[in-house]
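Residue numbers (our numbering): 1397 to 1574.
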(Lines of atoms letter the chains of each structure in order from A and count residues from 1; the text may use other names and numbers.)
(Lines give C-alpha, C1' and ligand atoms only; values in the text may rest on other atoms or scores of the structure.)
Protein backbone atom coordinates (compact mmCIF):
# COMPACT_ATOMS: atom_id res chain seq x y z
CA UNK A 1 0.00 0.00 0.00
CA UNK A 2 1.27 3.47 -0.80
CA UNK A 3 1.00 6.56 1.35
CA UNK A 4 -1.50 8.03 -1.09
CA UNK A 5 -4.62 8.98 0.87
CA UNK A 6 -6.93 7.97 -1.98
CA UNK A 7 -5.33 4.50 -2.15
CA UNK A 8 -5.88 3.62 1.49
CA UNK A 9 -9.42 5.02 1.47
CA UNK A 10 -10.20 2.95 -1.61
CA UNK A 11 -8.76 -0.17 0.04
CA UNK A 12 -11.27 0.08 2.89
CA UNK A 13 -14.25 1.49 0.95
CA UNK A 14 -16.13 -1.84 0.80
CA UNK A 15 -15.82 -2.34 4.55
CA UNK A 16 -17.07 1.16 5.24
CA UNK A 17 -20.11 0.47 3.04
CA UNK A 18 -20.81 -2.75 4.98
CA UNK A 19 -20.60 -0.89 8.30
CA UNK A 20 -22.98 1.83 7.17
CA UNK A 21 -25.40 -0.69 5.71
CA UNK A 22 -25.41 -2.57 9.04
CA UNK A 23 -26.33 0.58 10.96
CA UNK A 24 -23.09 2.37 11.84
CA UNK A 25 -23.44 6.11 12.38
CA UNK A 26 -20.00 6.59 10.81
CA UNK A 27 -17.21 4.39 9.54
CA UNK A 28 -13.85 5.85 8.63
CA UNK A 29 -10.62 4.38 7.31
CA UNK A 30 -7.43 4.82 9.29
CA UNK A 31 -3.72 4.34 8.82
CA UNK A 32 -1.65 2.94 11.65
CA UNK A 33 -0.14 6.40 12.11
CA UNK A 34 -3.66 7.64 13.03
CA UNK A 35 -3.85 5.31 16.03
CA UNK A 36 -2.71 6.82 19.33
CA UNK A 37 -1.22 4.25 21.66
CA UNK A 38 -0.96 5.10 25.36
CA UNK A 39 -0.43 2.45 28.02
CA UNK A 40 -2.19 4.69 30.57
CA UNK A 41 -5.44 3.28 29.20
CA UNK A 42 -4.71 0.28 31.44
CA UNK A 43 -4.93 2.55 34.49
CA UNK A 44 -8.45 3.59 33.47
CA UNK A 45 -9.38 -0.08 33.16
CA UNK A 46 -7.86 -0.97 36.54
CA UNK A 47 -9.23 2.00 38.46
CA UNK A 48 -12.52 2.85 36.87
CA UNK A 49 -14.03 -0.19 35.23
CA UNK A 50 -16.48 -2.13 37.40
CA UNK A 51 -15.77 -5.23 35.30
CA UNK A 52 -11.98 -5.24 35.88
CA UNK A 53 -10.90 -8.85 36.23
CA UNK A 54 -14.41 -10.19 35.61
CA UNK A 55 -14.54 -10.73 31.84
CA UNK A 56 -12.79 -13.08 29.44
CA UNK A 57 -11.72 -10.20 27.19
CA UNK A 58 -10.38 -8.07 30.06
CA UNK A 59 -6.68 -7.12 29.96
CA UNK A 60 -6.41 -8.42 33.55
CA UNK A 61 -7.06 -12.03 32.59
CA UNK A 62 -4.16 -14.46 33.13
CA UNK A 63 -1.92 -14.76 30.09
CA UNK A 64 -3.09 -11.49 28.55
CA UNK A 65 -0.41 -9.66 26.55
CA UNK A 66 1.14 -6.56 28.07
CA UNK A 67 0.47 -3.11 26.62
CA UNK A 68 3.95 -3.21 25.06
CA UNK A 69 3.18 -6.58 23.44
CA UNK A 70 -0.17 -5.31 22.12
CA UNK A 71 1.51 -2.25 20.63
CA UNK A 72 4.12 -4.44 18.96
CA UNK A 73 1.42 -6.71 17.49
CA UNK A 74 -0.72 -3.85 16.18
CA UNK A 75 2.32 -2.09 14.71
CA UNK A 76 2.39 -4.84 12.08
CA UNK A 77 -0.86 -3.54 10.55
CA UNK A 78 -1.04 -0.67 8.10
CA UNK A 79 -4.63 0.41 8.78
CA UNK A 80 -8.27 -0.50 8.92
CA UNK A 81 -11.69 0.91 9.73
CA UNK A 82 -13.10 2.60 12.83
CA UNK A 83 -16.83 2.10 13.38
CA UNK A 84 -18.99 4.61 15.28
CA UNK A 85 -22.40 3.66 16.66
CA UNK A 86 -24.61 4.59 19.57
CA UNK A 87 -25.07 0.99 20.68
CA UNK A 88 -22.37 -1.26 22.13
CA UNK A 89 -23.71 -4.54 20.72
CA UNK A 90 -24.28 -3.07 17.25
CA UNK A 91 -20.70 -1.82 17.25
CA UNK A 92 -19.39 -5.28 18.07
CA UNK A 93 -21.53 -7.10 15.52
CA UNK A 94 -20.54 -4.68 12.75
CA UNK A 95 -16.85 -4.92 13.58
CA UNK A 96 -16.98 -8.69 13.65
CA UNK A 97 -18.72 -8.80 10.26
CA UNK A 98 -16.06 -6.53 8.77
CA UNK A 99 -13.35 -8.73 10.27
CA UNK A 100 -15.03 -11.75 8.67
CA UNK A 101 -15.36 -10.07 5.27
CA UNK A 102 -11.74 -8.92 5.35
CA UNK A 103 -10.64 -12.45 6.25
CA UNK A 104 -12.62 -13.85 3.31
CA UNK A 105 -10.97 -11.21 1.09
CA UNK A 106 -7.58 -12.65 1.98
CA UNK A 107 -6.66 -10.43 4.93
CA UNK A 108 -6.21 -13.41 7.23
CA UNK A 109 -4.79 -11.32 10.09
CA UNK A 110 -7.81 -8.99 10.21
CA UNK A 111 -8.94 -8.51 13.81
CA UNK A 112 -11.71 -6.48 15.36
CA UNK A 113 -11.58 -4.66 18.67
CA UNK A 114 -14.88 -3.97 20.35
CA UNK A 115 -16.07 -3.94 23.92
CA UNK A 116 -17.57 -7.44 24.16
CA UNK A 117 -21.33 -7.54 24.69
CA UNK A 118 -22.23 -10.93 23.27
CA UNK A 119 -23.64 -12.31 26.51
CA UNK A 120 -25.85 -10.54 29.07
CA UNK A 121 -23.36 -11.64 31.74
CA UNK A 122 -19.85 -12.77 30.89
CA UNK A 123 -19.34 -16.45 31.68
CA UNK A 124 -16.12 -15.50 33.48
CA UNK A 125 -18.26 -14.03 36.28
CA UNK A 126 -19.45 -17.54 37.14
CA UNK A 127 -16.15 -19.28 36.42
CA UNK A 128 -17.33 -20.75 33.12
CA UNK A 129 -15.45 -20.84 29.83
CA UNK A 130 -16.29 -18.16 27.27
CA UNK A 131 -19.51 -19.07 25.43
CA UNK A 132 -18.40 -17.26 22.25
CA UNK A 133 -14.62 -17.65 22.01
CA UNK A 134 -14.66 -17.25 18.22
CA UNK A 135 -16.39 -13.85 18.46
CA UNK A 136 -15.31 -12.38 21.81
CA UNK A 137 -12.87 -9.52 21.31
CA UNK A 138 -11.14 -7.09 23.65
CA UNK A 139 -12.19 -3.47 23.85
CA UNK A 140 -10.47 -0.92 21.65
CA UNK A 141 -9.06 0.85 24.73
CA UNK A 142 -8.02 -2.29 26.61
CA UNK A 143 -5.13 -2.99 24.23
CA UNK A 144 -3.49 0.37 24.91
CA UNK A 145 -5.25 2.60 22.38
CA UNK A 146 -6.31 6.10 23.43
CA UNK A 147 -9.77 6.02 21.86
CA UNK A 148 -10.58 9.64 22.75
CA UNK A 149 -7.50 11.04 21.03
CA UNK A 150 -7.68 8.64 18.08
CA UNK A 151 -11.30 9.29 17.12
CA UNK A 152 -11.00 13.05 17.65
CA UNK A 153 -7.99 13.13 15.30
CA UNK A 154 -10.17 11.36 12.72
CA UNK A 155 -12.94 13.95 13.13
CA UNK A 156 -15.36 11.72 15.03
CA UNK A 157 -17.35 12.83 18.09
CA UNK A 158 -16.44 11.69 21.59
CA UNK A 159 -16.80 13.50 24.87
CA UNK A 160 -17.23 12.71 28.53
CA UNK A 161 -20.87 12.30 29.46
CA UNK A 162 -21.97 14.43 32.39
CA UNK A 163 -25.33 12.61 32.62
CA UNK A 164 -24.72 9.09 31.21
CA UNK A 165 -28.32 7.99 31.76
CA UNK A 166 -29.69 10.95 29.82
CA UNK A 167 -27.15 11.44 27.03
CA UNK A 168 -26.55 9.43 23.90
CA UNK A 169 -23.31 7.52 24.15
CA UNK A 170 -20.78 7.10 21.35
CA UNK A 171 -19.42 3.57 20.93
CA UNK A 172 -16.37 2.80 18.86
CA UNK A 173 -14.83 -0.35 17.54
CA UNK A 174 -11.98 -0.88 15.12
CA UNK A 175 -10.99 -3.50 12.61
CA UNK A 176 -7.29 -3.76 11.85
CA UNK A 177 -6.89 -5.11 8.33
CA UNK A 178 -3.76 -6.43 6.65
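Even for Gly, the Cβ is constructed at its ideal location relative to N, Cα and C.
Cut-off 6 Å between Cβ atoms - residues of its own chain near residue i, not counting five sequence neighbours on either side
i            : result
residue 1398 : Per-residue confidence for residue 1398 stands at a pLDDT of 44, beneath the threshold of 50, marking its modelled position as unreliable; no derived number is given.
residue 1424 : 1478, 1550
Helix, strand or coil at residue i according to DSSP, with G and I counted as helix
i            : result
residue 1423 : strand
residue 1398 : Because the pLDDT of residue 1398 is 44, which lies under 50, any placement of that residue in the model is unreliable, and the question is left without a value.
residue 1414 : helix
residue 1462 : coil
residue 1564 : coil
residue 1391 : Past the edges of the chain, shown from 1397 to 1574, lies residue 1391, and the structure says nothing about it.
Presumed contact (8 Å Cβ cut-off) between residue i and residue j, rounded CB distance
i            : j            : result
residue 1574 : residue 1466 : With a Cβ gap of about 16 Å, residue 1574 and residue 1466 do not count as contacting.
Classification of residue i by the beta-carbon crowding that lies within 10 angstroms, buried from 16 upward
i            : result
residue 1495 : buried
residue 1481 : buried
residue 1429 : exposed
residue 1509 : buried
residue 1569 : buried
residue 1505 : exposed
Beta-carbon contacts of residue i that lie in its chain and below 8 Å, excluding the five residues immediately before and after
i            : result
residue 1442 : 1448, 1456
residue 1519 : 1452, 1525, 1526, 1527
Proximal residues to residue i (C-beta, below 7 Å), its chain only, five neighbours per side dropped
i            : result
residue 1513 : 1484, 1485, 1488
Beta-bridge partners of residue i, as assigned by DSSP
i            : result
residue 1523 : Paired residue(s): none; residue 1523 is not in a bridge.
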